[in-house]
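393 is the number of the first residue of the sequence shown in our numbering; add one for each residue after it. Read the structure below first, then the notes.
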Amino acid sequence: MSVDVKKLKVNELKEELQRRGLDTRGRKADLVEKLKAALEADVQADAPGEQEGEIRQDFKDNDENEDGEDAQEQEGKSRTPQPPAEDEEENIDDTLVTIDTYNCDLHFKVSRDRYSGYPLTIEGFAYLWAGARASHGVTRGRVCYEMKINEEIPVKHLPSSEPDPHVVRIGWSLNHCSTQLGEEPFSFGYGGTGKKSADCKFANFGEKFGENDVIGCYIDFDQGDEVEMCYSKNGVWLGEAFRTTKEELAGRALFPHVLVKNCAVEFNFGQKREPYFPPPEGYTYIHNLDMEDKIRGTKGPASKSDCEILMMVGLPACGKTTWAIKHAETNPEKKYNILGTNAIMDKMKVMGLRRQKNYAGRWDILIQQATQCLNRLIEIAARKRRNYILDQTNVYGSARRRKMRPFEGFQRKAIVICPTDEDLKERTLKQTNEQGKDVPDHAVLEMKANFTLPEACDFLEAVSYSELQQDEAEKLLKQYNEEGRKAGPPPEKRFDSRQPGFRGRGGGGGGSFQRYDKFEGSRGSYQNRSGDGGSGYRGGEHGS
Numbered sequence: 393m394s395v396d397v398k399k400l401k402v403n404e405l406k407e408e409l410q411r412r413g414l415d416t417r418g419r420k421a422d423l424v425e426k427l428k429a430a431l432e433a434d435v436q437a438d439a440p441g442e443q444e445g446e447i448r449q450d451f452k453d454n455d456e457n458e459d460g461e462d463a464q465e466q467e468g469k470s471r472t473p474q475p476p477a478e479d480e481e482e483n484i485d486d487t488l489v490t491i492d493t494y495n496c497d498l499h500f501k502v503s504r505d506r507y508s509g510y511p512l513t514i515e516g517f518a519y520l521w522a523g524a525r526a527s528h529g530v531t532r533g534r535v536c537y538e539m540k541i542n543e544e545i546p547v548k549h550l551p552s553s554e555p556d557p558h559v560v561r562i563g564w565s566l567n568h569c570s571t572q573l574g575e576e577p578f579s580f581g582y583g584g585t586g587k588k589s590a591d592c593k594f595a596n597f598g599e600k601f602g603e604n605d606v607i608g609c610y611i612d613f614d615q616g617d618e619v620e621m622c623y624s625k626n627g628v629w630l631g632e633a634f635r636t637t638k639e640e641l642a643g644r645a646l647f648p649h650v651l652v653k654n655c656a657v658e659f660n661f662g663q664k665r666e667p668y669f670p671p672p673e674g675y676t677y678i679h680n681l682d683m684e685d686k687i688r689g690t691k692g693p694a695s696k697s698d699c700e701i702l703m704m705v706g707l708p709a710c711g712k713t714t715w716a717i718k719h720a721e722t723n724p725e726k727k728y729n730i731l732g733t734n735a736i737m738d739k740m741k742v743m744g745l746r747r748q749k750n751y752a753g754r755w756d757i758l759i760q761q762a763t764q765c766l767n768r769l770i771e772i773a774a775r776k777r778r779n780y781i782l783d784q785t786n787v788y789g790s791a792r793r794r795k796m797r798p799f800e801g802f803q804r805k806a807i808v809i810c811p812t813d814e815d816l817k818e819r820t821l822k823q824t825n826e827q828g829k830d831v832p833d834h835a836v837l838e839m840k841a842n843f844t845l846p847e848a849c850d851f852l853e854a855v856s857y858s859e860l861q862q863d864e865a866e867k868l869l870k871q872y873n874e875e876g877r878k879a880g881p882p883p884e885k886r887f888d889s890r891q892p893g894f895r896g897r898g899g900g901g902g903g904s905f906q907r908y909d910k911f912e913g914s915r916g917s918y919q920n921r922s923g924d925g926g927s928g929y930r931g932g933e934h935g936s
């Protein structure tokens with residue numbers, strides 16, 4: 393579906409222009425013309441079939457099964473998105489210390505010179521933290537760098553109740569740590585709220601800071617067996633914030649690291665002719681160290697053929713997210729990016745706590761926005777050379793094909809999580825007790841009715857099974873198919889009840905079932921105004 397640019401509100405026009413790095417000044421008519429011109433350029437480059445002056449709006453994924461009917465299978469194929477063009481990145485001298493475009497969140501945009509960046513802030517992204525690490529770390533000496541907050545990006549679409557909509561956390565972390573600075577061991581951050589944190593333990597430190605402030609970050613390995621981390625604000629020394637031991641670090645390097653929420657930041661690693669503020673005597677900017685004193689972080693895959701995407705397949709609460717997290721942890725060299733609603737919610741934390749613990753607004757709306765973010769991140773992911781785990785149910789065959797097509801050229805594999813029926817019931821009960829009722833029973837029954845197992849094919853190089861293997865999984869699946877079909881209307885009724893001309897994705901028009909995303913949010917209500925003619929993902933499946 394599409395919407396006329398002229399129907400967008402002024403703030404929506406400005407957000408679309410801002411996301412493209414275009415001027416947001418002027419009257420509405422001027423903004424409309426600017427966005428039309430930008431969309432026309434996008435259309436000519438990426439999507440010749442789309443109409444000029446329109447923003448593509450895709451409904452969220454229904455993952456409907458076509459039940460093997462030829463006409464419906466052909467319709468499903470015609471909807472399959474074309475592989476997106478890969479993002480081109482300029483080669484940077486590997487001796488330079490810069491923001492690492494491989495070791496950052498997908499929604500953190502790095503400037504061409506690699507010394508500044510900002511997060512996506514449109515709609516639900518304004519709730520998310522976005523992090524990035526520097527390309528090089530250190531294991532010895534007395535080393536420093538500076539970070540300036542260039543702008544607190546306007547986010548007027550956030551509710552007034554949102555705590556601290558503009559925050560930056562700055563510090564050091566190990567190469568294998570997540571981008572959530574200060575929320576795990578060996579990840580040390582000082583935040584603009586006047587708090588420091590490591591391993592998700594928060595304490596008062598220093599002063600608050602914000603737009604136009606410059607924070608100096610200092611690390612000192614010349615303290616005997618200990619390593620000391622200190623900060624300054626606008627040239628004023630704030631003192632020691634963290635201390636660890638060389639024995640605990642075990643020779644591993646600590647890297648400059650930033651975590652931002654709705655702020656644009658710039659780094660001085662020492663590449664500037666003049667510092668913002670002179671460092672204390674004895675400290676050297678990391679950029680100016682000899683090469684043997686700088687440790688390069690993990691480099692990304694050289695080509696798409698070296699990249700991997702693992703597509704999880706399984707019912708809600710079967711253990712997909714648990715498997716994905718464990719697999720990523722046991723293979724740190726691959727730096728998997730987990731794409732799923734749970735991963736999005738982890739980036740919405742407040743003071744290290746998930747939003748469920750302290751959110752006063754409407755939870756269903758927040759989940760819709762998280763799903764929107766996931767859709768956009770999947771579009772971005774297909775253009776980046778990285779390794780991914782797609783943490784969704786993916787029980788519908790047609791949806792699996794559509795989701796894997798944009799990742800053509802990657803090593804594409806399916807991981808089927810199929811526990812025994814008894815184990816699934818126990819896990820579902822445990823998840824319900826801990827998190828609430830995530831997915832309505834009727835939605836799970838419809839998934840059971842239409843669940844098919846993946847096979848190696850043109851869009852899947854391999855399929856592997858965790859827990860029950862293929863033969864046992866097939867037997868259990870027949871039981872689930874029968875259980876689901878007895879509980880719901882026949883497929884013919886579901887298809888016949890749709891509105892004429894509707895593409896069969898989203899909304900509530902498909903028979904008596906209405907699909908839900910994670911945490912009971914309606915899956916058909918959001919219309920994604922990404923505006924860049926992306927892959928057409930409808931996203932929003934269930935995590936586990």
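Ideal Cβ placement from N, Cα and C applies to all residues, glycine included. Here the structure is a predicted model, which means the values were calculated and not measured.
Between the CA atoms of residue j and residue i - distance to the nearest angstrom
i	j	result
Arg819	Cys765	27 Å
Lys398	Thr416	15 Å
Ile730	Glu673	43 Å
Lys401	Arg411	16 Å
Ala716	Ala421	47 Å
Ser589	Arg532	23 Å
Cys536	Val424	45 Å
Glu407	Leu431	14 Å
Lys822	Gly828	9 Å
Ile807	Arg792	12 Å
Phe597	Gly689	29 Å
Asn567	Ala720	14 Å
Asn779	Asp492	16 Å
Gly509	Leu852	35 Å
Asp486	Cys849	39 Å
Gly876	Thr844	13 Å
Tyr872	Val831	17 Å
Rounded Cβ spacing between residue i and residue j (contact assumed at less than 8 Å)
i	j	result
Gly880	Leu837	6 Å
Cys710	Leu816	6 Å
Thr490	Ala526	7 Å
Trp564	His649	6 Å
Val787	Met839	5 Å
Met740	Leu520	6 Å
Contact under 7 Å by Cβ, residue i with residue j
i	j	result
Met539	Val619	no
His679	Gly692	no
Gly516	Thr571	no
Ile562	Cys609	yes
Ile687	Ala645	yes
Glu599	Ile541	no
Asp783	Thr713	yes
Val560	Gly581	no
Val742	Pro846	no
Tyr728	Ile772	no
Lys805	Leu707	no
Pro534	Tyr675	Strictly speaking, residue 534 in this sequence is Arg, with Pro absent from that position. Cβ atoms of Arg534 and Tyr675: closer than 7 Å.
Asn626	Val652	no
Ala774	Pro798	yes
Tyr507	Phe659	yes
Ala856	Ile809	The displayed chain sequence assigns Ser, not Ala, to residue 856. Their beta carbons are not under 7 Å apart, which means Ser856 does not touch Ile809 by this criterion.
Cross-strand partners of residue i (DSSP beta bridge)
i	result
Trp564	Phe580, Pro648
Phe669	DSSP output for Phe669 lists no bridge partner at all.
Gly509	Val502, Val657
Val397	Answer is none; Val397 lacks a bridge partner.
Tyr537	Cys609
His528	Arg688
Ser624	Gly608, Trp629
Ala806	Met703, Val855
Leu766	BP columns for Leu766 are empty, so no partner.
Phe594	Ser589
Thr636	Val619
Cβ neighbour criterion (16 or more within 10 Å) applied to residue i
i	result
Trp629	exposed
Ala595	exposed
Asn842	buried
Asn760	In the sequence under discussion, the amino acid at residue 760 is Gln, which differs from the Asn named in the question. Flag for Gln760 reads buried.
Glu575	buried
Lys870	exposed
Ala762	buried
Glu700	buried
Thr513	buried
Thr1011	Here the chain covers residues 393 to 936 and nothing more, so residue 1011 does not appear.
Ile577	Looking at the sequence itself, residue 577 is Pro, so the reference to Ile does not match. Pro577 is exposed by the Cβ-count criterion.
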